[in-house]
Each structure stands twice: as C-alpha cells, then as structure tokens.
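In what follows, a single structure is set out as structure tokens and then discussed.
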C-alpha cells in the first residue's frame with residue numbers, strides 16, 4: 009500500500025500536476041459518456057490533490073464531492089477551493105455520501121489503490137442514482153501501454169502490470185457489484201505533448217507509485233541514464249499515450 013501521507017504526498021503536485029488545458033480535455037471527454045443535462049452531481053472518488061475536481065464542477069455545474077483518504081493529499085486539494093466542490097475524508101469502501109446522491113462517479117487512477125475493489129464498486133453503485141454512470145479511468149494488466157521510460161527501469165513494466173487487474177476481471181467485478189460494464193474500453197488522449205527534458209523533470213519527483221516498488225539501485229542508475237539523455241537531447245518530442253477507461257452504469 010502506497011502511503012500518500014508521506015513522501016508521495018509531498019511530491020505529487022510537482023510530479024503529477026495536470027495543466028488547465030489537460031483538465032479541459034479530460035472533463036470534455038468525460039462529458040461524452042454522461043447525460044447532456046446540467047447540472048450533474050459528481051463524486052471524484054480518490055480525488056487526491058484535486059487535479060480534476062474543480063474542473064468537474066466547472067464542466068458539470070452541479071455539486072462535486074472529492075473523497076480522499078489521505079489527509080495530506082486532501083489538504084493540498086483544499087488550497088485551491090471551488091464553490092461547487094466539497095472535499096471529504098473517506099474511502100472507496102465506505103463513501104461518506106447518502107444512497108443515490110450523485111449522477112456520476114469518476115475513479116481517476118484510484119481503483120488500483122482500493123483495498124477491496126468489489127466493496128468499492130458496491131459503494132459506487134449505492135451512491136449512484138438509478139441510470140447513473142461511473143467512469144473507471146485505470147490501466148488494465150492485459151492492455152498495458154509500452155511507456156518509453158520503461159527502458160530506464162527494467163522492472164517497471166512488470167511492477168506496473170502487477171498493480172492492475174485485467175479488463176475482464178474489472179468487468180466481472182462490476183457485474184458482481186450490480187453495475188453494467190461496457191463491452192470495450194474507451195481510449196482518451198488528453199495529455200499534453202512533452203519533451204524529453206520535461207518528462208525527466210516530472211518523473212524525477214518519483215510521484216508515480218511504480219517507484220515505491222522498485223529497488224533503490226535500479227532507481228538510481230535509471231535516473232542517472234535518464235538525466236544524461238535529457239541533457240544530451242532535451243527537446244526530443246516524447247510519445248503521447250492514449251488512456252484507457254471503462255464505463256459502468258447503474259441500472260435504472
């Protein structure tokens with residue numbers, strides 16, 4: 009289990025921040041899979057430092073709840089208040105909201121941190137209104153991207169794959185929880201293009217949970233080689249990857 013009240017919480021904003029343009033692209037993409045009517049009330053489950061939470065309020069014009077177990081991450085989110093956002097201490101397994109209280113739930117790279125994914129999805133179903141939609145933005149073990157920086161950290165690919173479950177396993181959990189999953193994943197491209205230097209600077213904060221599971225010597229040698237390449241060719245354009253998302257619906 010990654011401790012977001014420790015080192016990770018202190019570096020997350022610097023290493024995992026999302027620009028306003030990226031927030032707009034993400035929330036516009038989410039809107040494609042949600043009802044057109046406004047306002048919509050939304051739960052950002054595992055909201056972390058609030059990277060997307062105010063953007064959800066702007067996009068969907070309803071009440072947005074950011075539920076996050078880490079005090080440090082939630083405190084960072086509260087540094088940028090929004091009148092449509094309420095941050096709450098809580099977990100996926102015990103969401104501090106009444107039954108049928110939101111139109112949509114976003115799980116943005118938080119699902120793999122749920123101690124009990126099935127109970128988490130049952131709670132998602134409970135707080136969704138009938139016909140409500142949950143957007144599960146996650147990686148799937150059988151659909152992992154071939155990230156360029158894996159070349160610097162040979163164990164990272166295996167570590168990442170082990171953190172996630174397969175698409176079929178996620179779909180099966182959703183069904184068991186009383187949700188209807190889509191047959192296929194949705195692919196979204198919202199990330200900004202970045203140079204090799206920019207990628208190095210972001211990754212050097214080690215704000216990805218991957219680095220919590222790598223040997224110290226591999227991290228040290230990998231970043232040394234990465235730094236050399238970033239110094240040699242700083243403006244090299246880096247790949248932009250599509251992100252995978254599964255759409256889940258609470259039956260009416």
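Residue numbers (the working numbering): 9 to 260. Virtual Cβ for every residue (Gly too), placed ideally from N, Cα, C. Keep in mind that this is a model prediction, so the values were computed, not measured.
- Relative to the Cα of residue 111, the nearest Cα in the group 91, 139, 93 belongs to 139.
- Under the three-state reduction of DSSP, residue 225 is assigned to helix.
- Closest option to residue 21, judged by alpha-carbon separation, among 82, 128, 122, 131: 82.
- The three-state reading of DSSP puts residue 135 in helix, counting H, G and I together.
- With contacts defined by Cβ atoms closer than 7 Å, residue 89 and residue 98 do not form a contacting pair.
- Only exposed fits residue 192, as fewer than 16 other CB atoms lie within 10 angstroms of its CB.
- For the 7 Å CB-CB criterion, residue 46 and residue 69 form a contact.
- For the segment 85-126, the continuous beta strand (DSSP E) assignments of 3+ residues that do not extend past its boundaries occur at 93-97, 110-116, in sequence order.
- Here the segment 181-195 makes contact with the segment 236-253; the two share three or more CB pairs at distances below 8 Å.
- Excluding sequence positions up to five before and after residue 172, its CB lies within less than 7 Å of the CB of 120, 146, 147, 148, 149, all in the same chain and listed in chain order.
- Straight-line spacing of the CA atoms in residue 65 and residue 93 works out to 7 Å.
- Collapsing the DSSP output to three states places residue 186 in coil.
- Secondary structure of residue 170 (DSSP, three-state): helix.
- Beta-bridge partners assigned by DSSP to residue 251: 196.
- Under the DSSP assignment, residue 53 falls outside any alpha helix (DSSP H), being part of the beta strand (DSSP E) whose first and last residues are 48-53.
- Fewer than three beta-carbon pairs drawn from the segment 198-215 and the segment 170-184 are found closer than 8 Å, and the two stretches are therefore not classed as touching.
- Residue 246 and residue 238 have their C-alpha atoms some 11 Å from each other.
- Here residue 156 is exposed, its C-beta having fewer than 16 other C-beta atoms within 10 Å.
- With a cut-off of 8 Å on Cβ pairs, the segment 54-62 is in contact with the segment 26-45, counting three or more such pairs.
- Looking at the DSSP output, residue 245 shares a beta bridge with 203.
- In summary, residue 44 is exposed, with fewer than 16 beta-carbon neighbours lying within 10 Å of its beta-carbon over all protein chains present.
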